[in-house]
Each structure stands twice: as structure tokens, then as C-alpha cells.
Amino acid sequence: MRGFAIGLGVRCSFCHTVSNALDSPDDDFSSDDKPAKLKARVMLQMVQAINQDHIPNLPDRTEPNLEVGCVTCHAGRTRPTTLVQEMTWAIEEGGEDAMRARYAELREQYYGRGALDFGAGTLITVAQTLGTDNPEAGLAATELNLEHYPTSFSSWLIKGQLHLLIEETADAITAFERALELAPESATAKRLLAEARGG
Ligand code: HEC
Ligand code: HEC
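Everything in the sequence shown is counted per this note's numbering, starting at 162 for the first residue and increasing by one.
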């Protein structure tokens, strides 16, 4: 049960109708009142099936053996989303401001915990995925990324491309120049800068 609680980053009372005090006489762990407990039971069956019926069939299984636990997917959160997914939802629901707010909120809560990927790649993926449909949101994602990773070459490159897409040539040139400062040998940065200056 501690594995459940730690895996999901919750207390016993997330699934059980109990106080959080230890050994309270009113605690009834057998009650199925909470929907989370019913969900957890399905999850438990799923995890058992993975560990008993599937993983053992791996040809030439690597030693020491590994099994799946709640933490494998949940990594300390009740819903095992990715940060890319969270950012995409936030943009859909409330635009760039919602994305910034959600990023800050999740970073505050989970940075350094291994639960979500706050590396430079996440917001680059968001910008690349959204960029052509919604360049403004793509730009907001790159700019947010540059606040945390000001020397991210790829972010400057994508920022330049997104500026070009919405015909902000001067901003595009500045971004490509910055990219080229960071990677003076980059053929892509040279080409994009030349194209932006030329057109
Ligand atoms: C994510 C949901 C979840 C969390 C968190 C959780 N449990 Fe459970 N617990 C369950 C489920 C589901 C069962 C029933 C398992 C089954 O049906 O085989 C259960 C069963 C139990 C039982 C046996 C109840 C009975 O039927 O007699 C006890 C005792 C218990 N949990 C204690 C705890 C304690 C203590 C914690 C906190 C450290 C905890 N649980 C946290 C989901 C949870
Ligand atoms: C293979 C990955 C995986 C493993 C392992 C896993 N889960 Fe889940 N779990 C999920 C996914 C994905 C969801 C979200 C499903 C959805 O809402 O669409 C989820 C949802 C849940 C929820 C509902 C959360 C909510 O607020 O809606 C509970 C509770 C839960 N899991 C408990 C557990 C427990 C307890 C274990 C370990 C016994 C476990 N899970 C193991 C993938 C996993």
C-alpha cells in the first residue's frame, strides 16, 4: 500500500475513507466508497497481468529482472501525463498564458523529482508540434524555454523559423544570429540567416 501511495504521490485517504492519523479506530480500509480505489483495483490487475503474463515471455530477459510497479508509470503523480501533453492541453484550454502558468505550477511541484521532463527538449517538441498551426503558441513555448535555457541553439533556430512564418523578419534575423553565435559552424543556421536577410 505504501507503494501505491508513493507511486502516485498521495496519502492513504486518496483511495480510502480514512483520516490521515495513524491507526484511527474509525478507519475502514475495506470500504469501496472512493472511485480512486476502484480505479486502483483495475490498475492492480493490469500491473499483475503485465508482470505475470507478459514480461516473463521476453526472450532472453535481462538480469536482474525488472517488474512494473505503480511508480513506473505514475512517478509520483495521480495521472501519468507527459509535460508535452500538459502544455498542449493548457494551450488548447487557455492559450499561451495558461501554458506559462501551468509550466510554472508543475515546475514548482515536480522539478528535479523525475516525474516530468523539464529538459530543454520538452518545449521544443511543443513548439515543433504546434508551430505550423499556431505559430504564436509555438513562439510562446520557445520563449518560455529560452527563459530557462537561454543557450538552447535549437530554441533560437525554431524561434527564428516561427517569426518568419508570421512575417516578423527582423525578429527572425535576430534569433538566427543568436543561434549562429551559439553554433558558429552550423550550416542550417547560416542558411536560415542568409535566407531571412535575403527575403
Ligand atoms: C491508489 C489507491 C490506494 C492507496 C493510495 C492506498 N490503498 Fe489501500 N487499497 C487499495 C485497493 C484497491 C485495495 C483493495 C485491494 C484488493 O481488492 O485486492 C486496498 C486495500 C487496503 C487494505 C485492506 C482492506 C481490506 O479489504 O481489508 C488496507 C488495510 C489498506 N489498503 C491500507 C492502506 C494504507 C495504510 C494506505 C496508505 C499507506 C493505503 N492503503 C493506500 C488502494 C489504495
Ligand atoms: C503502464 C502504466 C501504468 C501503471 C504501471 C499504473 N498505472 Fe495507474 N494509470 C495509468 C494511466 C495511463 C492512467 C490514466 C488513465 C486515464 O485517466 O485516461 C492511470 C490512472 C490511475 C488512477 C486514476 C487517477 C485519476 O485521478 O483519474 C489511479 C487511482 C491509478 N492509476 C492507480 C494506479 C496504481 C495503484 C498502480 C499500481 C498498482 C498503477 N496505477 C499503475 C497508467 C498506469
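A virtual CB, placed ideally from N, CA and C, is assigned to each residue, including glycine. Bear in mind that the values here come from a model prediction, so they are computed numbers and not experimental data.
Judging by CA-CA distance, which residue of the options is the nearest neighbour of residue i?
i, options, result
"V208", "I285, Y271, T233", "T233"
"G230", "T223, E224, P220, P241", "P241"
"L291", "G256, Y271, R263, N218", "G256"
"T178", "F190, F279, E342, P296", "F190"
"G282", "D187, S315, Y272", "S315"
"M204", "A357, F165, R261", "F165"
Does the distance from the C-beta atom of residue i to that of residue j stay below 9 Å?
i, j, result
"L284", "T303", "yes"
"L300", "L277", "no"
"E247", "L267", "yes"
"A251", "R238", "no"
"A340", "A350", "yes"
Pull up the CB-CB distance for residue i and residue j, whole angstroms please, since I reckon it's below 8 Å.
i, j, result
"A331", "L325", "No, A331 and L325 are not in contact; Cβ-Cβ is about 11 Å, not under 8 Å."
"A298", "K320", "Not confirmed; about 13 Å, so no contact."
Roughly how many angstroms separate the alpha carbons of residue i and residue j, rounded to a whole number?
i, j, result
"I327", "R274", "37 Å"
"W317", "H309", "13 Å"
"E269", "N306", "15 Å"
"R163", "R352", "56 Å"
"P345", "Q289", "23 Å"
"K198", "L169", "12 Å"
"D194", "L244", "31 Å"
"R176", "P196", "It is worth fixing the name first, because residue 176 is Cys in this sequence and not Arg. If I take the Cα positions, the gap works out to 7 Å."
"Y271", "M260", "16 Å"
"A265", "S174", "27 Å"
"E342", "A348", "12 Å"
"T286", "A236", "21 Å"
"S192", "I167", "21 Å"
"N295", "E253", "10 Å"
"V171", "H215", "28 Å"
"I200", "A210", "This sequence places Lys at residue 200; Ile is not what is there. Distance between the alpha carbons of K200 and A210: 15 Å."
"D221", "Q206", "25 Å"
"N212", "N218", "10 Å"
Taking only three categories from DSSP, how would you classify residue i?
i, result
"D193", "coil"
"N306", "helix"
"T312", "coil"
"F165", "helix"
"G292", "coil"
"R240", "coil"
"C231", "helix"
"Y272", "coil"
"E257", "helix"
"S185", "coil"
"C176", "coil"
"D221", "coil"
"V208", "helix"
"D332", "helix"
"V171", "coil"
"G280", "coil"
"A344", "coil"
Step through the CB atoms of chain C and report whether any lies within less than 9 Å of the CB of residue i.
i, result
"T223", "The question asks about chain C, but that chain is absent: this structure has only one protein chain."
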